[in-house]
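Mapping the sequence shown onto my numbering, position 203 (from 1) lands on 209, and the numbers just tick up by one. Here's the structure we're looking at; comments come further down.
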Amino acid sequence: MVSKPDISVKFCNLELESPYLLSSAPPTCTGEMIMRAFEAGWAGAVTKTIKPDKTPVYDLKNRFGVMGFETKQMILFENIEEVSKRPVGTWVNEIKEIKRKFPEKALIGSIMAECKEEDWEELARVVSEAGVDMLELNFGCPHGMPERGMGAFIGQRTELIQKLTKAAKRGSSVPVMVKLTPNVTDIAFTAKAAEEAGADAISAINTVLGLIGINIDTFEPIPTVDGMSTFGGLSGPGVKPIGLRCVAQIAQATNIPVSGIGGITTWKDAVEYLLVGAGSVQVCTAVMWRGYRIISDFVDGLTNYLADKGFSSVQEIIGKTLPRLTAWSKLNKDYTVVASINKDLCIKCGLCYVACRDGGYQAIKFEQGKSAEVDEEKCDACSLCTHLCPVPGCITWKKVTK
Ligand SMILES: Cc1cc2nc3c(=O)[nH]c(=O)nc-3n(C[C@H](O)[C@H](O)[C@H](O)COP(=O)(O)O)c2cc1C
7 MVSKPDISVK FCNLELESPY LLSSAPPTCT GEMIMRAFEA GWAGAVTKTI KPDKTPVYDL
67 KNRFGVMGFE TKQMILFENI EEVSKRPVGT WVNEIKEIKR KFPEKALIGS IMAECKEEDW
127 EELARVVSEA GVDMLELNFG CPHGMPERGM GAFIGQRTEL IQKLTKAAKR GSSVPVMVKL
187 TPNVTDIAFT AKAAEEAGAD AISAINTVLG LIGINIDTFE PIPTVDGMST FGGLSGPGVK
247 PIGLRCVAQI AQATNIPVSG IGGITTWKDA VEYLLVGAGS VQVCTAVMWR GYRIISDFVD
307 GLTNYLADKG FSSVQEIIGK TLPRLTAWSK LNKDYTVVAS INKDLCIKCG LCYVACRDGG
367 YQAIKFEQGK SAEVDEEKCD ACSLCTHLCP VPGCITWKKV TK
């Protein structure tokens, strides 16, 4: 029996009591909110993105949409919200207050400005001098801001990533993390550009550009602002596979720490991000849906998982899965298995039969009232049946030599 595992992490210069940070978003809109989150147990927070006072932003009404599927009411969230409207001076005062009251918690200042080096340098100077432990450069917001040369407009252009990272580094008195957009062809490429320009860490992902839905009665796109809409940023459980892929690619391509973001809704999601190389994780949508209180489950779940697996610290699992992620061409083409249905567990629903018949290899035999059976000669081990079977453990794999 291992003693209670240590879930603290060192991320760049930050000594975090756990890997859990709040990402830059509505839950970090004010100092009062951030301090309540710290009281609830979050190890740190990234402020809602701070912009120069001269840059106008608007809070559209309304600005959120959701997508559900079958019994799940919400699996994706869309927003067309902009960055913080609050003056820099207000943030400076609140940053000082937060750090005075919670010196042991990590406070990261998220910043964004127009494509002018002097603006990034100045904002980085003011916010870092206010007392944050690190800066995060928002090069990822995919809606509204890019139309004005900010957010993803920068994150999609390596020359701007480099120019503005260098500018922020010149102004900053603390380490600088670059937050990247997934809305690019190759995030490893943009991450390497940031690393070359001197970024101390990368965070990913910001939201994924999308259109959450259309009201088919009124023909209005969602979210609807006076009958109209625009493409927005998707977040929540549905974007986790994109976030995991991006974090793994960045961890493989660079030598700087990565903060993993995107769809983290339970401690298990966080573990997956740690396994693909994230040194810390950030959460937004799950907190907007369920509140700061989810942190206690996140902490307990991770601690118990590490203990059950025999690890003494969270550091031991960071990047553990990375060596198992390789090129398609390097996967074992000789590895052969076939599906095997446990007759005692089969509830004779026929779901596997229909899927295999119409979407697979016609390898499952089924008669009403009898359990399904696999024709091993026809089974191509695509795995469709295993994902559809409602009974855990009913369809398993059998190794064969063909
Ligand atoms: C309503 C909303 C507002 C957001 N505002 C910001 C922002 O100001 N700056 C920023 O860097 N990211 C912003 N984000 C992106 C989140 O920080 C995060 O990268 C993204 O939502 C994915 O994480 P999640 O799936 O845990 O929500 C916002 C997200 C949402 C949903």
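Just so it is clear, CB atoms sit at the ideal spot from N, CA and C, and this is done for glycine as well. Values in this document were obtained by computation on a predicted structure and should not be read as measured data.
Quick one: what does DSSP say residue 156 is sitting in, helix, strand or coil? In the structure shown, residue 156 sits in coil (DSSP, three-state: anything other than H, G, I, E or B).
Would the beta-carbon of residue 404 fall within 9 Å of that of residue 345? Their beta carbons are under 9 Å apart, which means residue 404 touches residue 345 by this criterion.
Please classify residue 119 as buried or exposed, where buried requires at least 16 other C-beta atoms within 10 Å of its C-beta. It is buried - the Cβ of residue 119 has at least 16 other Cβ atoms within 10 Å.
Going by DSSP, what residue range makes up the alpha helix (DSSP H) through residue 247? Unbroken alpha helix (DSSP H) run through residue 247: 246–259.
Would you say the beta carbon of residue 294 comes nearer than 8 Å to a heavy atom of ligand 1? The answer is yes for residue 294.
Given the structure, does residue 83 come close to ligand 1, in the sense that its CB is under 8 Å from one of the ligand's heavy atoms? In terms of side-chain proximity, the C-beta atom of residue 83 is found nearer than 8 Å to a non-hydrogen atom of ligand 1.
Hey, out of 308, 324, 395 and 135, whose CA is closest to residue 254's CA? Of the candidates 308, 324, 395 and 135, 324 places its Cα closest to the Cα of residue 254.
Between the C-alpha atoms of residue 262 and residue 207, what's the straight-line distance to the nearest angstrom? Taking the straight line from one Cα to the other gives about 5 Å.
Starting from the C-beta of residue 22, find all residues in its chain whose C-beta is less than 7 Å away, skip the five residues before and the five after it, and write them out in chain order. 14, 15, 49, 50, 112 and 286.
Three-state secondary structure (DSSP) at residue 41? Here residue 41 sits in helix by DSSP.
Got a sec, what are the start and stop residues for the alpha helix (DSSP H) residue 307 sits in? Run containing residue 307: 301–315, per the alpha helix (DSSP H) assignment.
Out of 290, 272, 267 and 108, which has the shortest C-alpha to C-alpha gap to residue 284? Considering only alpha carbons, the answer is 267.
Between 356, 256 and 365, which has its C-alpha nearest residue 374's C-alpha? Residue 356 is the option with its Cα nearest to residue 374.
Can you tell me whether residue 55 sits near ligand 1, meaning its C-beta is under 8 Å from at least one heavy atom of the ligand? Yes, Cβ of residue 55 sits closer than 8 Å to a heavy atom of ligand 1.
In the structure shown, what three-state DSSP assignment does residue 17 receive? Note: residue 17 maps to strand in three-state DSSP.
Buried or exposed: residue 17, going by 16 or more other Cβ atoms within 10 Å of its Cβ? Buried, by the Cβ-count rule.
What is the residue span of the alpha helix (DSSP H) that residue 134 lies within? 123–136 is the extent of the alpha helix (DSSP H) around residue 134.
So, with DSSP's three-state summary, where would you put residue 351? In the structure shown, residue 351 falls within a coil segment according to DSSP collapsed to helix, strand and coil.
Touching by the beta-carbon criterion (3+ pairs, under 8 Å), the region 194–207 and the region 231–251: Output reads no: the region 231–251 does not touch the region 194–207.
Buried/exposed call for residue 34, threshold 16 Cβ in 10 Å: Burial call: buried.
Leaving out the 5 sequence neighbours to the left and right, which residues in its chain are closer than 8 Å to residue 376 when beta-carbon positions are compared? Cβ-Cβ distances below 8 Å link residue 376 to 354 in the same chain, with the five nearest sequence neighbours on each side left out; the list follows chain order.
Rank 387, 382, 383 and 348 by C-alpha distance to the C-alpha of residue 365 and give the top, closest one. Answer by Cα proximity: 387.
For ligand 1, is there any heavy atom lying closer than 8 Å to the beta carbon of residue 69? Look at residue 69: its beta carbon is less than 8 Å from one of the heavy atoms in ligand 1.
On the DSSP letters alone, give me the boundaries of the beta strand (DSSP E) that residue 210 sits inside. Boundaries of the beta strand (DSSP E) harbouring residue 210: 207–210, taken from the DSSP string.
Which residue spans inside the region 87–121 form an unbroken alpha helix (DSSP H) run of at least 4? The qualifying runs are 94–107.
Just the C-alpha distance for residue 175 and residue 401, rounded to the nearest angstrom, thanks. If I take the Cα positions, the gap works out to 54 Å.
Grouping DSSP H, G and I as helix and E and B as strand, with all else coil, what is residue 171? Collapsing the DSSP output to three states places residue 171 in a helix.
Starting from residue 52 and walking both ways along the beta strand (DSSP E), at which residues does that stretch end? First-last of the beta strand (DSSP E) with residue 52: 50–52.
Take residue 66 as the anchor and find which of 149, 184 and 132 has the nearest alpha-carbon. When each option's Cα is compared against that of residue 66, the closest is 149.
Following a CB-centred definition, is residue 252 positioned closer than 8 Å to any heavy atom of ligand 1? Residue 252: no, Cβ never under 8 Å from ligand 1.
In the DSSP assignment, find the unbroken beta strand (DSSP E) run with residue 140 in it and report its ends. Residues 140–144.
Comparing alpha-carbon positions, which option in 224, 172 and 43 lies nearest residue 123? Comparing alpha-carbon positions, the option among 224, 172 and 43 lying closest to residue 123 turns out to be 172.
Using the beta-carbon count (16 or more within 10 Å), is residue 54 buried or exposed? Counting Cβ neighbours within 10 Å, residue 54 comes out buried, since at least 16 surround it.
If you reduce the DSSP assignment to three classes, tell me which class residue 227 lands in. Three-state result, residue 227: strand.
6 Å Cβ shell around residue 152 - same chain, five flanking residues per side excluded: Answer for residue 152: 158 and 159, listed in chain order.
Assuming residue 137 contacts residue 101 under a Cβ cut-off of 8 Å, what Cβ separation, rounded to an integer in Å, is found between them? Yes, residue 137 and residue 101 are in contact; Cβ-Cβ is about 5 Å, under 8 Å.
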